[in-house]
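Asks: Our numbering puts the first residue of the sequence shown at 16, with every later residue one more than the last.
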Amino acid sequence: MTEQEAMRLALELAELGAGNVNPNPLVGAVILKDGAVIGRGHHREFGGPHAEIFALREAGDDARGATLVVTLEPCCHHGKTPPCTDAIITAGIARVVTAHRDPSPSINGKGIEALRAAGIDVEEGLLAEEAATQNEIFLTYVTASRPFVQLKLACSLDGRIATRTGDSKWITGEAARMEAHRLRARFSSIAVGVETVISDDPQLTVRHVTGKDPIPVILDPAGRTPLAANAFRSAMHPVVVTASMPGAAEEQLAARGVRVWRIGTDENGRFDLARLLARLAETGIDSLLIEGGGETAAAFLEAGLIDKVSLFLAPMLIGGRDAIPALGGTGAERIADAWHLKNVSIAKLDHDVMLVGYPECPQSTI
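#1: DSSP three-state label for VAL368, please.
#2: Restricting to Cα atoms, I'd like to know which of GLU144, ALA147, ARG110 is closest to ALA129.
#3: Checking the sheet assignment: what are the DSSP bridge partners for GLY43?
#4: Per DSSP, which one or two residues make a beta bridge with ILE278?
#5: Taking the straight line between their C-alpha atoms, what separation do you get for ARG336 and ALA177?
#6: Does the Cβ-Cβ distance between THR257 and GLY238 come in under 8 Å?
#7: Under three-state DSSP, which class holds THR257?
#8: Mind checking who TYR373 pairs with in its DSSP beta bridge?
#9: Report yes or no: do the segment 284-295 and the segment 262-269 share at least 3 C-beta pairs separated by less than 8 Å?
#10: Can you tell me whether VAL273 is buried or exposed? The criterion is at least 16 other CB atoms within 10 Å of its CB, across all chains shown.
#11: Taking the alpha carbon of ILE103 as the reference point, which residue from PRO330, ALA114, CYS90, GLY94 has its own alpha carbon closest?
#12: Excluding the five sequence neighbours on either side, which residues of its own chain have a C-beta within less than 6 Å of the C-beta of VAL232, listed in chain order?
#13: Does the structure place the segment 317-324 close enough to the segment 218-233 that three or more beta carbon pairs sit under 8 Å?
#14: When the distance is taken between beta carbons, is ALA190 closer than 8 Å to ASP77?
#15: According to DSSP, which residues form a beta bridge with VAL36?
#16: State the CB to CB distance for the pair ALA341 and ARG199, rounded to an integer number of angstroms; the pair is presumed to be in contact (CB under 8 Å).
#17: Per DSSP, what kind of secondary structure is SER214 in: helix, strand or coil?
#18: Could you compute how far the alpha carbon of ALA127 sits from the alpha carbon of MET193?
#19: Got a sec, what are the start and stop residues for the alpha helix (DSSP H) ASP101 sits in?
#20: Is it true that the CB of GLU317 sits closer than 8 Å to the CB of GLY208?
#21: If you run the structure through DSSP and keep just helix, strand and coil, what is ALA66?
#22: Please state whether DSSP places LEU342 in a helix, a strand or coil.
#23: Measure the alpha-carbon distance for ALA147 versus LEU41 and round it to whole angstroms.
#24: Hey, how far is the Cα of VAL368 from the Cα of LEU166?
#25: Could you give the first and the last residue of the continuous alpha helix (DSSP H) run that contains ALA312?
#26: Which residue comes first and which comes last in the beta strand (DSSP E) that contains GLU138?
#27: By the three-class DSSP mapping on this structure, what secondary structure does VAL209 have?
#28: What does DSSP give as the partner residues of ALA51 in its beta bridges?
#29: Rounded to a whole number of angstroms, what is the C-alpha to C-alpha distance between GLN19 and LEU168?
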């Protein structure tokens, strides 16, 4: 096996930790000796051993003189676990190949420096782009000091998420809904507007696939969320973001384990979403999935706070001027003001289509 093949295997291993290691990075490691794999591992859960440790354990004494291929720069500080660099040096690894550096202030090149100081040959940058994309949640959280934000939309070909009567189940098919739950499982939190809670009463949990439930975040400017909402049944301490809520209601929510955050709004009743993201980051939440409805999605998009978009398109036409659109808000005045997606990928999910891309800011301000 070549080092590049080993790095691709390491990336596959890293993916096994998705949704379980937040706010830590996804990391996979492979140990090569004479072209054969003698050790492999991945970071399995937050607070647990790192990928390199599992790989070194599997390799045992054979690790001496071998090559470690790892998707992220090894750590060099005492955190919840001892430094991986110490274990690598002690094991007698001769060469380390890493995809990219860990931008965390406590690391950011220091791990590589420690390995080189110990006489280990280190190469950086192998499949760096693929590794960075895999760890886009972690990299955004560390470098921007806010959660990575992804918008998920599911709509008809004419951009509707519900009929004029509000009927919305189900626009997409089972395969698309399964993929949507896999997406939920990768995120630490999930946001919806109060109108979605009142009209649809979603559970906001991970179902049909294995994974932890994200923390529900309900955007509720006037404190109208029903106390019996399904989202409050989560064991993940839901958050209600409000600008105005009666004290009695807040006490009742607190008794159910719900956190109430008061965040200011502008003259149009819109939250300071940048402040919300900062608050989420302060509590260790590294990622936020926006699921609905159209006004909530538009608010984040118009604030320039969407990092990635997943659009599930169903091959149907709903029609009707009063049908509910996927995006509300002000919208673009000109085509030049629209949000264009770059690095777009497209996949077919039975009869539906999933389109994933990264929004570019409009050329002019709306």
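Beta carbons: idealized from backbone N, C-alpha and C, even for Gly.
Replies: On the basis of the data shown:
#1: VAL368: strand per DSSP, three-state reduction.
#2: The option with the nearest alpha carbon to ALA129 is ARG110.
#3: HIS57.
#4: According to DSSP, which records beta bridges pairwise, ILE278 is partnered with nothing at all.
#5: Spanning the two alpha carbons is a distance of roughly 12 Å.
#6: With respect to GLY238, THR257 sits close: the two C-beta atoms are nearer than 8 Å.
#7: THR257: strand per DSSP, three-state reduction.
#8: Residue pairing by DSSP puts TYR373 in a beta bridge opposite LYS357.
#9: These segments do not touch.
#10: So VAL273 ends up on the buried side.
#11: With distances taken between CA atoms, ILE103 lies nearest to CYS90 out of PRO330, ALA114, CYS90, GLY94.
#12: The residues are SER204, ALA206, VAL254.
#13: Touching, no.
#14: Their beta carbons are not under 8 Å apart, which means ASP77 does not touch ALA190 by this criterion.
#15: The partner list for VAL36 (beta bridge, DSSP) is empty, contrary to what the question assumes.
#16: ALA341 to ARG199, Cβ: 18 Å. No contact.
#17: Secondary structure at SER214: helix, using DSSP grouped into helix, strand and coil.
#18: The sequence given here has Ile at residue 127, not Ala. If you draw a straight line from the Cα of ILE127 to the Cα of MET193, it comes to about 40 Å.
#19: Judged by DSSP secondary structure, ASP101 falls within the alpha helix (DSSP H) whose first and last residues are 99-106.
#20: Cβ atoms of GLY208 and GLU317: not closer than 8 Å.
#21: DSSP places ALA66 in helix when its eight states are reduced to three.
#22: In this structure, DSSP gives LEU342 a state outside helix and strand, which the three-state scheme calls coil.
#23: Across the structure, ALA147 and LEU41 are spaced so that their CA atoms are roughly 10 Å apart.
#24: Those two C-alpha atoms are separated by around 16 Å.
#25: Segment 309-317, the alpha helix (DSSP H) holding ALA312.
#26: For GLU138, the enclosing beta strand (DSSP E) has its first and last residue at 136-139.
#27: Correct three-state label for VAL209: helix.
#28: Paired residues: LYS48.
#29: Spanning the two alpha carbons is a distance of roughly 35 Å.
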